[in-house]
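Chemist: Read in order, the letters of the sequence shown correspond to residues 1 to 229 in my numbering. Quick reminder that beta carbons are idealized off the backbone N, C-alpha and C, glycines included.
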Amino acid sequence: MSTPTRPPGGTDWSYETLRDCLTHERLGSYLKASRNELSEAFALYEWNMEASASVLSLTSMTEVVVRNALDRELTAWAARKDADREWFDLAPLDSQGRQDLAKARDRATRRGKQPERHGKVIAELSLGFWRFLVEQRYFTSLWVPATHASFPGGPADLRARQRAVKNRLQQLTFVRNRAAHHEPIHRRDLLNDLRAAIDLAEWACPDAGAWTRATSTLAEVARKRPVTA
């Protein structure tokens, strides 16, 4: 096996030095995929960075659409129950949900130094919070009376819709977290991740689905994946 010391084009780095900088452990999956051809491993690593950036863009688009759709229906639900309280004060959140909400409120008010604004609290809640909000545990308390209506374009059966939304949000949360932490995503079916994001956006709002499909770069990036040995 022959490993070039430097890539073609007169660049000012060597693959061996970069390997030591990044560590063999971090490059392990790329080296395995390229059968230890260092130049191919780095080509795959560079593609993985581009794919991760595209995943983060896609999931941020989807997150905003999903959280706004859920917030809209939960706000309407709370108004029907008690017009003077926020939905997140009425929702029967579990301990993790309450912790996430408390942290979001703390950030939104800069630890109580600013007045609390609904929109700011919503923006501070993570994708993971919204993912857990559509879990089976909230089917009776939140999904049936409120959150199912956030995805009118989803499956007609409410249980099937809940499972479909939950599964896609789990999928996107997982790939988003890997991308955000610079982990390998080169073995994933990224086109399937793209379809999951488009489904969620489209079920919430057909225009949002069309916008996501038209503006996401993930399909183009996926097609450029280097062919490894």
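To the nearest angstrom, how far is the alpha carbon of A231 from that of D82?
Modeler: With the chain covering only 1 through 229, there is no way to say anything about residue 231.
Chemist: If you compare alpha carbons, which of R110, K103, A146 is closest to S126?
Modeler: Closest by alpha carbon: K103.
Chemist: Do L191 and A210 count as a contact pair if the criterion is CB distance below 8 Å?
Modeler: No; because the gap between Cβ atoms is not below 8 Å, this pair is not in contact.
Chemist: Are P145 and W77 close, meaning C-beta to C-beta below 8 Å?
Modeler: In this structure, W77 lies closer than 8 Å to P145 by Cβ.
Chemist: Can you give the Cα-Cα distance for V227 and T217, rounded to whole angstroms?
Modeler: V227 and T217: Cα-Cα distance of roughly 19 Å.
Chemist: At the level of alpha carbons, what is the spacing between I198 and D157?
Modeler: Going by the C-alpha atoms only, they are around 20 Å apart.
Chemist: For W13, count neighbouring C-beta atoms within 10 Å of its own C-beta (all shown protein chains included) and say buried if the count is 16 or more, exposed if not.
Modeler: That one is exposed.
Chemist: Hey, would you say W47 sits closer than 8 Å to R163, going by beta carbons?
Modeler: Going by C-beta atoms, W47 is not nearer than 8 Å to R163.
Chemist: Taking buried to mean at least 16 other C-beta atoms within 10 Å of its own C-beta, is A41 buried or exposed?
Modeler: It is buried - the Cβ of A41 has at least 16 other Cβ atoms within 10 Å.
Chemist: Starting from E86, trace the alpha helix (DSSP H) both ways and give me its first and last residue.
Modeler: First-last for E86: undefined, no H or E at that position.
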